[in-house]
Amino acid sequence: MSSQEIAIEPKLNYLNCDYSIKSWLLTTDHKRIAWLYMMAITFFFTVGGIAATLMRLNLLEPQGLLVEPETYNKLFSIHGIIMVFFFLVPSIPAVMGNFLLPMMLGARDVAFPKLNLLSWYIFMTGGSLVLYTVIAGGVDTGWTFYTPLSTLYLNTHVMAAAGGVFIAGFSSILTGLNFVVTIHKMRAPGLTWFRLPLFVWAMYAASIIFIIGTPVIAISLFLIVVERIFHVGIFDPSLGGDPILFQHLFWFYSHPAVYVMILPSMGVISELITAFSRKRIFGYHFVAFSSVAIAAIGFLVWGHHMFISGQSVYAGLVFSALSMAVAIPSAVKVFNWTATLYKGSISYEAPMLYALGFIGLFTIGGLTGLYLATTGLDQHVHDTYFVIAHFHYIMVGGAVMGYLGGIHYWWPKMTGRLYPDGWARVAAIIVFVGFNLTFFPQFILGYLGMPRRYAVYPPEFHTLNVISTAGASILGLGYVIPLIYLAWSLRYGPIAGPNPWKATGLEWTTSSPPPTHNFEETPIVTEEPYRYDRLAEEIHVA
Amino acid sequence: MSEHIAPLKIYFFVFVALMVLTLLTWRISYIDLGQWNTVVALLIAVCKASLVAAFFMHLRWSASVMRLVLFAAIFWLSILISLTIGDIFSRHVLPQPQSWHAAAAITNPSATAQGR
Amino acid sequence: MWIFLATEIMFFGGLFTGYTVYRNLYTTAFETGSHLLNARIGALNTAILIASSLTMALAVHSAQTGKRAKLIFFIISTMCLGAAFLLIKFFFEWTHDYAEGFVPGLHFTYAGPHASHVALFMCFYFIMTGVHALHMVAGEGVLTVLLIMAWRGRFNQERYNAIEMMGLYWHFVDIVWIFLFPLLYLLGARF
Chain R
0 MSSQEIAIEP KLNYLNCDYS IKSWLLTTDH KRIAWLYMMA ITFFFTVGGI
50 AATLMRLNLL EPQGLLVEPE TYNKLFSIHG IIMVFFFLVP SIPAVMGNFL
100 LPMMLGARDV AFPKLNLLSW YIFMTGGSLV LYTVIAGGVD TGWTFYTPLS
150 TLYLNTHVMA AAGGVFIAGF SSILTGLNFV VTIHKMRAPG LTWFRLPLFV
200 WAMYAASIIF IIGTPVIAIS LFLIVVERIF HVGIFDPSLG GDPILFQHLF
250 WFYSHPAVYV MILPSMGVIS ELITAFSRKR IFGYHFVAFS SVAIAAIGFL
300 VWGHHMFISG QSVYAGLVFS ALSMAVAIPS AVKVFNWTAT LYKGSISYEA
350 PMLYALGFIG LFTIGGLTGL YLATTGLDQH VHDTYFVIAH FHYIMVGGAV
400 MGYLGGIHYW WPKMTGRLYP DGWARVAAII VFVGFNLTFF PQFILGYLGM
450 PRRYAVYPPE FHTLNVISTA GASILGLGYV IPLIYLAWSL RYGPIAGPNP
500 WKATGLEWTT SSPPPTHNFE ETPIVTEEPY RYDRLAEEIH VA
Chain E
0 MSEHIAPLKI YFFVFVALMV LTLLTWRISY IDLGQWNTVV ALLIAVCKAS
50 LVAAFFMHLR WSASVMRLVL FAAIFWLSIL ISLTIGDIFS RHVLPQPQSW
100 HAAAAITNPS ATAQGR
Chain V
0 MWIFLATEIM FFGGLFTGYT VYRNLYTTAF ETGSHLLNAR IGALNTAILI
50 ASSLTMALAV HSAQTGKRAK LIFFIISTMC LGAAFLLIKF FFEWTHDYAE
100 GFVPGLHFTY AGPHASHVAL FMCFYFIMTG VHALHMVAGE GVLTVLLIMA
150 WRGRFNQERY NAIEMMGLYW HFVDIVWIFL FPLLYLLGAR F
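Top to bottom, those sequences are chains R, E and V. Residue numbering for the first sequence follows numbering that gives the first Met the number 0, beginning at 0 and increasing consecutively. Residue numbering for the second sequence follows numbering that gives the first Met the number 0, beginning at 0 and increasing consecutively. Residue numbering for the third sequence follows numbering that gives the first Met the number 0, beginning at 0 and increasing consecutively.
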C-alpha cells in the first residue's frame, strides 16, 4: 500500500478479532492490556479530579466555602494518592509503554505477556482498596503518610490506603521488569541500542526506577501497617523511634517516582518534536544518556523533601548540591528539543501544541525546582503553595501534557481513526490557558506565605485563590473536550491509514489498527531513527 | 539462565566452606574484639553470600548482565543506607540554638539586654 | 528472576536501613537485645538453611541432567529442611520469646535498662525474621507446585527453567538469612 491509495481499514486487527468480554479480560495482547490500563487510569483521573474540584471550590472563600477542615484533609489526601499512584505513575508507561514498546522494537509482544495481564489485575486490586478507602470515609494523612501522624494519631483508614498503594506497587515492579527484559531481549535484527527511538530509552530508564525504587516504599508502608496493628514504636519518638527514618524510606522511592512520571513524558515529547518539525533529533546520544542520567541521579536527591524536617544540615547540603546536578540532564533535553525545532518544518497539529506547551511549562517547573533545592529559600517556601505550583507545573504541565500529546499522536494507530484536529487544538489551548491560570497564582501565593493542605486562609490571599479556581474550571473543560471528540472519532472519525503523520518508527509500518501479532514478518532495521531528511515517499512504508 | 552444568564436587566444596564459615562466625562472636566483631561478622557474611551467589546461583557462569543487575541493586541499596546514616550521624554536630532568645543573645547581645 | 531479586534486595534493604540506623543510635540496647536471643539455635538454623540451599542446587543439577527421581528427592529434601527451619523458628524460638515476654506489642515485659530501645530491637528482629519466614513459606508453596509438576514428568534436560528460577529465589532467601544471622543474633561479644 502506497500513500496514494485510499486508506482502508484492515479486515482483521487486534480490536475486531474478538469482541467478547472474556477476550478482553483474559487478553495477553499488550495492545489490549494498554486499553485496559487506559480505561482504568481515566477513571482514576476523574476521581482524583473530582477531589481537586471540591478542594478548589472550597478555597473560593477564606473561611472555606464547602467542607470542614477534616474533610478537606481527606480530599487532598485522596487527590494526591490517586493522582500520583493511580494516574501519573502508570499513565504513560502502562498505556503507551505497553502499546508501543513491542511495536517500536519490532516484536510481537512483551517478554512476559501473562505477567503483563497480572500487572493490570494487581493494579486494579490496589485501586479497589483505595476506592474502598474513599467510600469508607477517607484517609487524611496526605499522600505522604508521614509518621507519627499516620501511625499514632489518626483513626482514619490509613491501613487500607497504604495497603492499596502497596499492592499497586507490585504492578509497577512487574511492568518495569517486563519492559527491561523486552528491551534487552526482543529487539528486531539490526535494532542496536543507538537506533532505538528515544521513547524506548525513556521507558528503559523509568523501568529501572520501578525496579529499584518501588520496593522501598513498599517496605515503608508495610512498616506503617505493622506499627498500627501491633502498636510498636518503629517511628515513635517516645519509644526511641525516628519519624525521619520513615521520610528517608518514603522519599527514596517517591522522589525517583516523580522521574518515573516525567521521563516517559519526555520520551513522548522527543517523538512528537521530531515528527512535527520533520527533523532528526538534535543530539540523539545526549538525549538518550540524559534519560539514564536523570534516573540515576534522581536516586541521590531524596533528602531535598526533608530540609526542614529535622535532618542534619550537612545532609541537607549534600542533597541540595545533588539536586542541582539532576537539573543538568533535564536541561540538556530541553536544549536538544529546542535545537531540533530550529530550522525544522514545523506544523501545529494538536500533539505538537501539547509538546510545545510541555517545553515551556516543564522549564518553568524545573527552574522553580532549583529554587526549592536551595536550602535557604526552601526554609521559606517549604509546605507552601510554591511547592504545589512547582510540582503541578511538572506533573500537569509536563507529564499530563505529554500524555495527552501522546494519546493524540498515536490515537490513529491505536484506533484506526482520525480525531478532529480543529477541536483538539482548541482543547490544547484551553488546557494551556486554564493550567497557567490555575497554577501560576499559586507560585505567588506560596511565596507570600500561604501554606499547603490548609482548608482556610487569610483574607489577603482571596483574589489569587479565586483566580486559581477560575483557571481550574477552564482546565477541567479542557480535559473534558478530548473525552468527547475522541469517543466520537471511534465511530465517526475518518479512517486513518498506517501512517497519517508520515512519521518514522517501526510502529508506523504496521496497519492501523495493527494486527494482533503486530508484524507479518519481523522487520529488519538498517538505519538511524528519525530519518526525516529522506523524502516523504521513501519513509512511508505500507 | 546458564546452560553450564556445574560438576557436583563444586557444590559439596561450597557447602563445606559455608558450614565452616558459619561455625567460624558463631564462635568468633564469643571473642571480644570490640568494634571489630561486627566488621568480621559482616565480612564473613559477605563471603558466604558471594559463595552462594557465585556457585549455587551460577553467577560465575552467567552472562554479565546478571552480575550487573546484582551489583546495581547492591549499589543503590548502599546509597540508601549511607546517605540515611550520614543524616543520622551528622545531626548534632553544630550547636543547635535552644530558642530565639538564645540565638539572639549570640548574635546581638545589646538588643537582648533591652529586653527585646 | 535476577531483576525480581533486585527488587527483593531493595525491599529487605529498607529493613536493613532501619536496622542500621537504630543499631548505631542505640548500640548497647541492641547488644542487650541480641543477647536475649539464642545464638545456638540461630546457628543451627543457619546450617539447616545452607543445607537446603545445597539440596536445591542439587535439584537444579538433577533437572539439568534429566534425572527425574533425583530431582524429586532433592525437591522434597529442600522442602523438609525449609520446614525444619520454620518449625524451629516458630515453635522453639518464637514461642519461647513470647513466654519470656520479648514480643513488643503483644507481650513485652522486659524491664532492664533502655527497655524501649530493646523493644525496638525486638521489633526489628520479629519483622525481619517474619518477612523472611513469609518468603520461605511462599517458597515452600511454589516448591510444592514444582514437586507435583516434577512428579508428572514435566521437566527434562531441555525444560527445567522453572526449577532454575526457583533455585535462584531459594538461594536468595538463604543469603538474606546469612546476613540476618550475625546482625540479629551475634551482636556484641558474649562470653
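For every residue, glycine included, the Cβ atom is placed at its ideal position computed from N, Cα and C. Predicted model, so just to flag it, every value in this text is computed and none were measured.
Discussion item. Would the segment 14 to 29 of chain E count as touching the segment 226 to 245 of chain R if we require 3 or more Cβ pairs under 8 angstroms?
Written reply: With the cut-off at 8 angstroms, the segment 14 to 29 of chain E and the segment 226 to 245 of chain R do not touch.
Item to complete: With 7 angstroms as the threshold, decide whether the Cβ of residue 183 (chain R) is near any Cβ in chain V.
Response: The count along the first sequence starts at 1 and reaches residue 183 (chain R) at position 184. For residue 183 (chain R), the answer is no, since every Cβ of chain V falls outside 7 angstroms of its Cβ.
Discussion item. So that I know if they touch, is there some Cβ in chain E lying closer than 7 angstroms to that of residue 103 (chain V)?
Written reply: As a working note, residue 103 (chain V) is residue 104 in the third sequence. So no, residue 103 (chain V) is outside the interface.
Discussion item. Just to confirm my understanding: we take residue 69 (chain E), look at its own chain, exclude 5 residues before and 5 after, and list those with CB closer than 8 angstroms. What are they?
Written reply: Taking the second sequence and counting its residues from 1, the one referred to as residue 69 (chain E) is at position 70. Only 52, 58 meet the Cβ criterion.
Discussion item. Please state the DSSP three-state secondary structure of residue 522 (chain R).
Written reply: Position 523 of the first sequence, counted from the start, is the residue given in the question as residue 522 (chain R). The DSSP-derived three-state label of residue 522 (chain R) is coil.
Practice prompt. Provide the residue(s) that pair with residue 462 (chain R) in DSSP beta bridges, ordered along the chain.
Written response: Counted from its first residue, the first sequence places residue 462 (chain R) at position 463. According to DSSP, residue 462 (chain R) bridges with nothing at all.
Item to complete: Kindly give me the distance between the Cβ atoms of residue 162 (chain R) and residue 73 (chain R), rounded to whole angstroms, as I take these residues to be in contact under 8 angstroms.
Response: What you label residue 162 (chain R) is simply residue 163 of the first sequence in a count that begins at 1. What you label residue 73 (chain R) is simply residue 74 of the first sequence in a count that begins at 1. Actually they do not touch by this definition, with Cβ atoms about 17 angstroms apart.
Item to complete: Answer yes or no: does any C-beta atom of chain V fall closer than 7 angstroms to that of residue 60 (chain E)?
Response: By 1-based counting over the second sequence, the position of residue 60 (chain E) is 61. Judged by the 7 angstroms Cβ criterion, residue 60 (chain E) is not in contact with chain V.
Discussion item. Give me, in chain order, the residues of the same chain whose beta-carbon lies closer than 7 angstroms to that of residue 394 (chain R); leave out the 5 immediate sequence neighbours on both sides.
Written reply: Sequence index remark: in the first sequence, residue 394 (chain R) carries index 395 (1-based). Counting only Cβ-Cβ distances below 7 angstroms, and skipping sequence neighbours, we find 87, 260.
Discussion item. In this structure, how does DSSP classify residue 493 (chain R) when only helix, strand and coil are distinguished?
Written reply: As a first step, residue 493 (chain R) is located in the first sequence; it is residue number 494 there, counting from the start. In the structure shown, residue 493 (chain R) sits in coil (DSSP, three-state: anything other than H, G, I, E or B).
Worksheet item: So who's on the other strand from residue 102 (chain V), going by DSSP bridges?
Response: Residue numbering aside, residue 102 (chain V) sits at position 103 when the third sequence is read from its first letter. For residue 102 (chain V), which the question treats as bridged, DSSP gives the partners V:106.
Fill in: Listed by chain order, chain V residues near residue 35 (chain E) by CB distance under 9 angstroms
Residue numbering aside, residue 35 (chain E) sits at position 36 when the second sequence is read from its first letter. Among the residues of chain V, none has a CB under 9 angstroms from the CB of residue 35 (chain E); the nearest is roughly 10 angstroms distant.
Item to complete: Measuring alpha carbon to alpha carbon, tell me which of E:67, E:64, E:45 ends up nearest residue 180 (chain V).
Response: Your numbering for residue 180 (chain V) matches position 181 in the third sequence. Nearest option by C-alpha distance: E:45.
Item to complete: Would you decide whether residue 372 (chain R) is buried or exposed? Buried here means 16 or more other CB atoms lie within 10 Å of its CB.
Response: For the purposes of this step, residue 372 (chain R) is taken as residue 373 along the first sequence, with counting starting at 1. Buried, since its Cβ has 16 or more Cβ neighbours within 10 Å.
Worksheet entry | Backbone CA spacing between residue 194 (chain R) and residue 526 (chain R) [nearest angstrom] | If you number the first sequence from 1, residue 194 (chain R) lands on position 195. If you number the first sequence from 1, residue 526 (chain R) lands on position 527. For residue 194 (chain R) and residue 526 (chain R), the distance between alpha carbons rounds to 7 angstroms.
Discussion item. Please list, in chain order, the chain E residues whose beta carbon lies closer than 7 angstroms to that of residue 310 (chain R).
Written reply: Working through the first sequence from its first residue, we reach residue 310 (chain R) at position 311. Ordered by position in chain E, the residues that pass the 7 angstroms Cβ test against residue 310 (chain R) are 86.
Worksheet entry | Cβ neighbours of residue 116 (chain V) in the same chain (closer than 7 angstroms, five flanking residues each side left out) | Locating residue 116 (chain V) in the third sequence gives position 117, where the first residue counts as 1. Taken in chain order, the residues that qualify are 25, 28.
Worksheet entry | CB contact check: residue 53 (chain V) to chain E, cutoff 7 angstroms | On the third sequence, residue 53 (chain V) is found 54 positions in, with the first residue counted as 1. Yes, its Cβ sits closer than 7 angstroms to a Cβ of chain E.
Worksheet item: Who are residue 450 (chain R)'s beta bridge partners in DSSP?
Response: Locating residue 450 (chain R) in the first sequence gives position 451, where the first residue counts as 1. Residue 450 (chain R) is bridged to R:383.
Discussion item. DSSP three-state label for residue 186 (chain R), please.
Written reply: Counted from its first residue, the first sequence places residue 186 (chain R) at position 187. If DSSP states are grouped into helix, strand and coil, residue 186 (chain R) belongs with coil.
Worksheet item: Between which two residues does the alpha helix (DSSP H) harbouring residue 111 (chain R) extend?
Response: The residue you call residue 111 (chain R) lines up with position 112 of the first sequence. Careful: residue 111 (chain R) lies outside any alpha helix (DSSP H) and carries neither H nor E.
Worksheet item: Does residue 90 (chain E) come within less than 7 angstroms of chain R when only Cβ atoms are used?
Response: The residue you call residue 90 (chain E) lines up with position 91 of the second sequence. Yes, contact with chain R.
Discussion item. Please report whether the beta-carbon of residue 16 (chain E) lies at a distance below 7 angstroms from any beta-carbon of chain V.
Written reply: Against the second sequence, residue 16 (chain E) aligns to sequence position 17. Not one chain V Cβ lies under 7 angstroms of residue 16 (chain E).
Item to complete: Look up residue 1 (chain E) in the DSSP assignment and say whether it is helix, strand or coil.
Response: On the second sequence, residue 1 (chain E) is found 2 positions in, with the first residue counted as 1. Low confidence applies here, because residue 1 (chain E) scores a pLDDT of 48, under 50, leaving its location unreliable; read the following figure in that light. Looking at residue 1 (chain E) - three-state DSSP - the assignment turns out to be coil, as it is neither helix nor strand.
Worksheet item: For the segment 434 to 442 of chain R against the segment 383 to 403 of chain R, are there 3 or more C-beta pairs whose distance is under 8 angstroms?
Response: yes
Discussion item. So residue 383 (chain R) contacts chain V; which residues on that side make the cut at Cβ distance below 7 angstroms?
Written reply: By one-based count along the first sequence, residue 383 (chain R) stands at place 384. Here the premise fails: no neighbours, minimum Cβ distance about 30 angstroms.
Worksheet item: Can you tell me where the alpha helix (DSSP H) with residue 78 (chain R) in it begins and where it stops?
Response: On the first sequence, residue 78 (chain R) is found 79 positions in, with the first residue counted as 1. Where residue 78 (chain R) is concerned, the enclosing alpha helix (DSSP H) stretches over 68 to 80.
Practice prompt. Flag residue 217 (chain R) as yes if its beta-carbon sits less than 7 angstroms from any beta-carbon of chain V, otherwise no.
Written response: As a first step, residue 217 (chain R) must be located in the first sequence, where it is residue number 218. Yes, contact with chain V.
Worksheet item: Do the segment 491 to 504 of chain R and the segment 150 to 157 of chain R touch if we need at least three Cβ pairs shorter than 8 angstroms?
Response: no
Discussion item. Buried or exposed, going by whether 16 or more other CB atoms sit within 10 Å of the CB of residue 408 (chain R)?
Written reply: The residue given as residue 408 (chain R) occupies position 409 in the first sequence. That one is buried.
Discussion item. Let me make sure I understand the geometry here. Which of R:459, R:115, R:106, R:77 has the alpha-carbon closest to that of residue 53 (chain R)?
Written reply: Stepping through the first sequence from its first residue, residue 53 (chain R) is reached at position 54. When each option's Cα is compared against that of residue 53 (chain R), the closest is R:77.
Item to complete: Could you check if residue 506 (chain R) is buried or exposed, using at least 16 other CB atoms within 10 Å of its CB as the buried criterion?
Response: Position 507 of the first sequence, counted from the start, is the residue given in the question as residue 506 (chain R). By the 10 Å Cβ count, residue 506 (chain R) comes out buried.
Item to complete: Report, in whole angstroms, the separation of the C-beta atoms of residue 62 (chain V) and residue 154 (chain V), which I expect to be a contact under 8 angstroms.
Response: Here residue 62 (chain V) refers to the residue found at position 63 of the third sequence. Here residue 154 (chain V) refers to the residue found at position 155 of the third sequence. For residue 62 (chain V) against residue 154 (chain V), the beta-carbon gap comes to about 5 angstroms, under 8 angstroms, which counts as contact.
Worksheet item: Quick one: what does DSSP say residue 194 (chain R) is sitting in, helix, strand or coil?
Response: On the first sequence, position 195 is the one that residue 194 (chain R) refers to. Residue 194 (chain R): helix per DSSP, three-state reduction.
Worksheet entry | residue 428 (chain R) versus residue 147 (chain R) - alpha carbon distance | Position 429 of the first sequence, counted from the start, is the residue given in the question as residue 428 (chain R). Position 148 of the first sequence, counted from the start, is the residue given in the question as residue 147 (chain R). Residue 428 (chain R) and residue 147 (chain R) have their C-alpha atoms some 44 angstroms from each other.
Worksheet item: Is it right to say residue 41 (chain R) is buried, meaning 16 or more other beta carbons lie within 10 angstroms of its own, or is it exposed?
Response: The residue given as residue 41 (chain R) occupies position 42 in the first sequence. Exposed, since its Cβ has fewer than 16 Cβ neighbours within 10 Å.
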